[in-house]
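Read through the structure below, which is laid out as structure tokens, and then see the notes.
Protein chains in written order, with our numbering: chain A, 1 to 326; chain B, 1001 to 1326.
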């Protein structure tokens, strides 16, 4: 494993924070945020000193009905510009595009015509050739690119190694270590971060971490990941995100020592807008069913359904989950 | 730092779980649990295979009014016997005694007349001579003893080192690494666990970990602590405990591979009894104010008061906390 990077007093200028509240949080409310929420989040992110703000997905309008989701599932150029204008700020704007769920050849315009800075390409290991085409395409359009290789805890180690090798040969800028199921333990994150960083550094790329909170480990895994070489961290306001949610941005702003970061604007945003989002009925965060799917290294869909239906027969769910993997 | 102990597939028979639900959870409801709650928790702990159950405090009836607290703040011998009879089970029974807040010479009877197995002595570094007298006294009465050195994150390192040296020369059986303020990060826990273990092993003693969840790190810090040599772990059902609460017992039962442990009885207990406790109005668990006191290495009392008063001016609290430490 690589040597520990950084300490608890100084700061590493290579560390960047990415606010994924709209994108991962949009999975909770089908991307129906008020414009005020998005505008205030944008202003808040500028004030906090966060480096990146992810606006949502570039999802295919052929595959998804625009009447069934809020506009941040599609992130039209005009939608973003309504919030940010020309974005004459230091905050970079990112969107996510899922392999197989976007029409990137039509929907992603050249970077010099767009207010978007960064395209984040989300892929499973079985989609790597398609992911590489997307990376190449977006890179040639002039974008910074990241690749988020998902669900690695449920992939064969040799497949992850091969995927890593492939993206290291691509023009991608940042390779993300993603714990889709919230099932990794800190000791695994340290080993994976060291592996990703070793490969990425040799190829002149950076490594990011995107952690879920199914086992209340999102913050721990994020800070362990950066202590072992990762430099891009995804987080969301109060952890808003699908199921158990994500690493909390306010914890990252509190933990990191970069003097550019300000916690107070995030606290004020949370007090008003996260409270309103919860009052609207959006539900996310650690809960016992997520602990089970996380610990069993399973997609959280059974836990999400269980909670949505208001069930509390935890042992029944646990027995069902055990039965399915046996 | 000592080498990592254990892995994610096998199990270490030296690891013991202690259920601190009544003792730490009692700080939430002034120890007013129903007898049914306690009886069911006892039966549940037997079924799960947990090794220790802490019943509460042996608090001084001269210092604390018995009419203002439930009986588990005092843990009379008869109160425990009403629940466990002669306790002809493998589950060991523990109580905690705070240095300076108990009348141990009168209230702790010889071990062979008591159903209690283990006395846990909680102390601050500035009380060490009194703690050593209590350890000696309880040891001579025939009890297994542990010492919980509290608030070490706010103590001088040389004081912690000296306290460690002193307890290593005492007859105490287990030395606890305690994160009273929930302010330690995993990298600090690893270093402290290694330090405690080095000292304890040389003296033929064991090390335990007792973590709080102010920064959502109680589970992470507990498993990092045991991976780096600790073997006694405190946890509570659904993390019930003062303020942000504790490490969740259900997570420990899920994480550890000891075939004696059963998760299902804990899930059934939580479904009924933890839900009832919450319905009664008991409040605990991670919340933004606790993140602030944890990150600032402060006692959580300001956060507890803020939440109790229903306040949400998070930035106001944060500025107050910053002002107090400046």
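Where a beta carbon is used, it is the ideal one built from N, C-alpha and C, also for glycine.
1. Using three-state DSSP, classify residue 340 of chain A as helix, strand or coil.
2. Do you know whose CA, among B/1265, B/1035, B/1081, B/1091, lies nearest residue 315 of chain A's CA?
3. Using a Cβ cut-off of 9 Å (strictly closer), state whether residue 1219 of chain B contacts chain A.
4. Helix, strand or coil for residue 145 of chain A per DSSP?
5. Which residues share a DSSP beta bridge with residue 1208 of chain B?
6. Is residue 312 of chain A close to chain B? Criterion is C-beta to C-beta, closer than 9 Å.
7. I'd like to know if residue 1195 of chain B contacts chain A, where contact means its C-beta is closer than 9 Å to some C-beta of that chain.
8. Give me the chain A residues within the contact set of residue 1276 of chain B, using Cβ-Cβ distance strictly less than 9 Å, ordered along the chain.
9. To be precise: take each residue of the region 207-233 of chain A, compare its Cβ to all Cβ atoms of chain B, and keep it if any distance is under 9 Å. Which residues remain?
10. If the cut is a Cβ gap below 7 Å, which residues of chain E does residue 43 of chain A touch?
11. Determine, for residue 1268 of chain B, whether the minimum Cβ-Cβ distance to residues of chain A falls below 9 Å.
12. Give a yes or no on whether the C-beta atoms belonging to residue 1099 of chain B and residue 1119 of chain B are separated by under 9 Å.
13. What residues in the region 1167-1198 of chain B have a beta carbon less than 8 Å from any beta carbon of chain A?
14. Is it the case that the region 1142-1151 of chain B contacts the region 1107-1121 of chain B, given that we only count it when at least three CB pairs across the two stretches are under 8 Å?
15. When the Cα atoms are used, what is the spatial distance from residue 1318 of chain B to residue 136 of chain A?
16. Buried or exposed: where does residue 66 of chain A fall if 16 or more other Cβ atoms within 10 Å of its Cβ makes it buried?
17. By how many angstroms is the C-alpha of residue 1020 of chain B removed from the C-alpha of residue 322 of chain A?
18. Alpha carbon to alpha carbon, how far is residue 36 of chain A from residue 43 of chain A? Give it in angstroms, no decimals.
19. Indicate the three-state DSSP secondary structure (helix, strand or coil) for residue 1248 of chain B in the structure shown.
20. Beta carbons nearer than 7 Å to chain B: which residues of the region 285-306 of chain A have them?
21. Is it a yes or a no for the region 1159-1169 of chain B touching the region 1194-1209 of chain B, going by three-plus beta-carbon pairs under 8 Å?
22. Got a sec: is the Cβ-Cβ distance from residue 1031 of chain B to anything in chain A below 9 Å?
23. What does residue 1255 of chain B touch in chain A if you count any residue whose Cβ is under 9 Å from its own?
24. Closest Cβ-Cβ distance between residue 238 of chain A and chain B: below 9 Å?
25. Hey, residue 214 of chain A and residue 124 of chain A are a contact pair by Cβ (cut 8 Å); roughly how many whole angstroms apart?
26. To the nearest angstrom, report how far apart residue 352 of chain A and residue 203 of chain A are at their CA atoms.
27. Give the list of continuous alpha helix (DSSP H) stretches no shorter than 4 residues that lie fully inside the region 241-286 of chain A.
28. Tell me the residue span of the beta strand (DSSP E) that contains residue 1124 of chain B.
29. Tell me the rounded alpha-carbon separation between residue 1088 of chain B and residue 1271 of chain B.
30. Per the DSSP calculation, residue 118 of chain A is bridged to which residue(s)?
31. Use the C-beta contact count for residue 320 of chain A: other C-beta atoms within 10 angstroms, 16 or more gives buried, fewer gives exposed.
32. Quick check: the region 1048-1065 of chain B against the region 1003-1019 of chain B, are there 3 or more CB pairs under 8 Å?
33. Is the shortest distance between the beta-carbon of residue 1263 of chain B and the beta-carbons of chain A less than 9 Å?
34. At a CB-CB cut-off below 8 Å, which residues of chain B make contact with residue 318 of chain A?
35. On the DSSP bridge assignment, give the partners of residue 1019 of chain B in chain order.
36. Tell me, to the nearest whole angstrom, how far the beta carbon of residue 1189 of chain B is from that of residue 1221 of chain B; I am working on the premise that it is less than 8 Å.
Taking the geometry as given:
1. Residue numbering for chain A in the displayed model covers 1 to 326; residue 340 of chain A lies beyond these limits and cannot be assessed.
2. B/1265
3. yes
4. strand
5. B/1176, B/1232
6. yes
7. no
8. Residues of chain A passing the Cβ test: none, with the nearest at roughly 12 Å.
9. 213, 215, 216, 217, 218, 219, 220, 221, 223, 224, 227
10. Protein chains in the displayed structure are A and B, and chain E is not among them.
11. yes
12. no
13. 1185, 1186, 1187, 1188
14. yes
15. 45 Å
16. exposed
17. 28 Å
18. 11 Å
19. strand
20. 288, 291, 295
21. yes
22. no
23. 185, 215, 295
24. yes
25. Incorrect: roughly 19 Å between the Cβ atoms, too far for contact.
26. Any property of residue 352 of chain A remains undetermined from this structure, which presents chain A solely from 1 to 326.
27. 249-255, 264-269, 275-279
28. Looking at the DSSP string, residue 1124 of chain B is not in any beta strand (DSSP E), and its letter there is neither H nor E.
29. 27 Å
30. A/94, A/144
31. exposed
32. yes
33. yes
34. 1263, 1264, 1267
35. B/1053, B/1235
36. 5 Å
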